[in-house]
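First residue of the sequence shown? That's 0 in numbering that gives the first Met the number 0, and the numbers climb one at a time after it.
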Amino acid sequence: MTLRDDGALIVEGTVAQRLSQPANGRIPDTDYFELLDWIRRRHEDEVALVGAYARQIRVDDIGVLGLAIKTAPTLRASLERIERYWRVVTDTAVYCLDAGANPALLTFEARTEHHPVLEFRNEGALAGLAHNMRRFVRGDLVLDHVSFRHPCRCDPARYAALFGCPVFFEADRNAIALNPAMLNLPNCLGDAAVSDFLTGHLEREIGSLQADVSVRAALLRRITPALSDGVPQAADIARDMGMSERTLYRRLAAEGLTFRDVLTEAQSSLAKDLLRDSDNSIAEIAFLTGFSEQSTFSRAFKRWFGQAPAQFRHKVPMR
């Protein structure tokens, strides 16, 4: 597949899909997720597709960041660069390294509104990273385990074979776990001077990125993935965004919004997506959207959309 500058996706000489015209080499996250979903739905074997992606994607494909990852002196330094500079690749997700945990954890966290293809995206992201770590690390890299928050859609043994370690589903995080000693493994092309030079370039690049001026959009990216753990508190979200709760309220007010407005938008949007695109029960969807009781969720949904969740699901077929 080839993506032209005008957004046309060419497959075997034919325009198969049209995306928004890329701006500064980037496409909107909604276009990217729809493209992933289009690819996924054309393959019967999703695990094989995840494996094919992992084998094909290389750190070289992400430019200066890829070179900085490869030339960092140790695996720890590589993962620290991924954690800090992943935003130059995308703003839809972040990596968080907890090197002090045992096992050490590299967590992959969504920073976008819910989309039904995100489970597949998360599997591909961690599979690609695990495969590449084994390419650029010198020595025998052993993963302790890999975990995903979503349920398993296939034979778990096939995921274990793909990752070369135990894989757990319906966990509390999307993460790669490894023995802390693995972080000290040297990289094949480790060169501290070269890596530091590239890191300086990345610092300038990340500093030039335009911050999202919409507090609403930033809130949605944080609230939506957190709802399965219950309704997040404004103070916790504000702290995550690097501001006080009072500042968050003031900035929302400048956009004509309250925290409750954005929370309701996140819950209602996620509820619609799950009713339309998943086979979760209504009780499960209530839990995933931050409600402790199905009856409370059903009343809220009817208030939002004028119909009960079951009626909505019956009228809107799954994609």
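Glycine is no exception: its CB is placed at the ideal position from the N, C-alpha and C atoms.
How far does the beta strand (DSSP E) with residue i in it extend, from its first residue to its last?
i	result
ILE222	Taken as a continuous stretch (DSSP letters only), ILE222 belongs to no beta strand (DSSP E), being part of the alpha helix (DSSP H) at 214 to 225.
LEU177	174 to 177
ALA92	92 to 97
SER146	144 to 146
Measure the alpha-carbon distance for residue i versus residue j and round it to whole angstroms.
i	j	result
GLY206	ARG17	31 Å
LYS314	LYS301	14 Å
ALA210	ALA216	Residue confidence is low: ALA210 scores 49 on pLDDT, short of 50, so the model does not pin down where it sits. Its coordinate-derived value is still stated next. Roughly 11 Å between the two C-alpha positions.
PHE304	ALA282	18 Å
PHE324	ALA129	In this structure the chain extends from 0 to 318, so residue 324 is not present and cannot be described.
ALA170	ASP228	12 Å
THR73	LEU142	16 Å
LEU197	VAL10	35 Å
THR295	LEU269	16 Å
PHE167	CYS187	30 Å
THR29	ASP36	11 Å
TYR84	GLN306	44 Å
VAL261	CYS164	39 Å
HIS114	TYR248	27 Å
GLU244	ALA51	45 Å
PRO27	ALA234	29 Å
ARG148	SER291	19 Å
ARG298	GLU82	41 Å
ALA111	THR91	First, the residue type needs correcting, since residue 111 is Thr and not Ala in the sequence shown. Cα-Cα distance, rounded: 5 Å.
THR263	ARG203	37 Å
ARG137	LEU66	16 Å
LYS271	LEU201	39 Å
THR242	THR257	For the sequence presented, residue 242 should be read as Met rather than Thr. Distance between the alpha carbons of MET242 and THR257 is about 16 Å.
ALA160	ARG152	15 Å
GLU108	MET240	14 Å
ALA100	THR106	12 Å
Sorted by chain position, which residues of the same chain lie with C-beta nearer than 6 Å to residue i's C-beta, five sequence neighbours on each side aside?
i	result
ILE68	VAL58, SER77 and ARG80
ILE61	VAL88
LEU104	ASP97, ALA174 and ALA176
ALA285	GLN293 and PHE296
ARG318	Here the model assigns ARG318 a pLDDT of 46, short of 50, so the residue's position is not dependable, and the following value carries that caveat. Contacts found: ASP276.
What span of residues does the alpha helix (DSSP H) with residue i cover, start to end?
i	result
ALA76	74 to 84
GLU202	191 to 207
THR246	244 to 253
LEU140	Run containing LEU140: none; DSSP gives neither H nor E here.
LEU262	258 to 276
GLN319	This structure cannot speak to residue 319, because the chain is shown only from 0 to 318.
ASP239	233 to 239
ILE26	Where ILE26 is concerned, there is no enclosing alpha helix (DSSP H), given that its DSSP letter is neither H nor E.
Quick check on residue i: does DSSP put it in helix, strand or coil?
i	result
PRO155	helix
GLU108	strand
VAL10	strand
ARG17	strand
SER294	helix
HIS130	helix
LEU34	helix
HIS58	First, the amino acid is wrong: residue 58 is Val here, not His. In this structure, VAL58 counts as helix in the three-state DSSP scheme.
ARG41	coil
ALA210	With a pLDDT of 49 at ALA210, under the threshold of 50, the modelled position of this residue cannot be trusted, and the question is left open.
ALA170	coil
ARG3	coil
TRP303	helix
Who are the near neighbours of residue i in its chain, counting only those whose CB is closer than 7 Å to its CB and skipping five residues on each side?
i	result
ALA265	LEU219, ILE222, THR223 and LEU226
GLY6	ARG17, LEU18, SER19, GLN20 and PRO21
PRO231	ILE222 and ALA225
Skipping 5 residues on each side, what residues in its chain have a beta carbon closer than 8 Å to that of residue i?
i	result
LEU8	MET0, THR1, LEU2, VAL14, ALA15, GLN16, ARG17, LEU18 and LEU34
ARG39	GLU45, LEU48, VAL116 and PHE119
ASP190	THR70 and PRO72
ASP4	GLN20 and PRO21
PHE135	VAL58, ILE68, LYS69, SER77, ASN186, CYS187 and LEU188
LEU182	THR73, LEU74, ARG75, LEU78, ALA98 and ALA103
SER213	GLU254
Under the assumption that residue i contacts residue j (Cβ atoms under 8 Å), give the Cβ distance between them as a whole number of angstroms.
i	j	result
LEU274	ARG238	Not quite, the Cβ-Cβ distance comes to about 32 Å (not below 8 Å), so this is no contact.
PRO102	PRO179	7 Å
ILE56	GLY127	4 Å
LEU125	VAL93	Contact doesn't hold; Cβ gap of about 13 Å is too wide.
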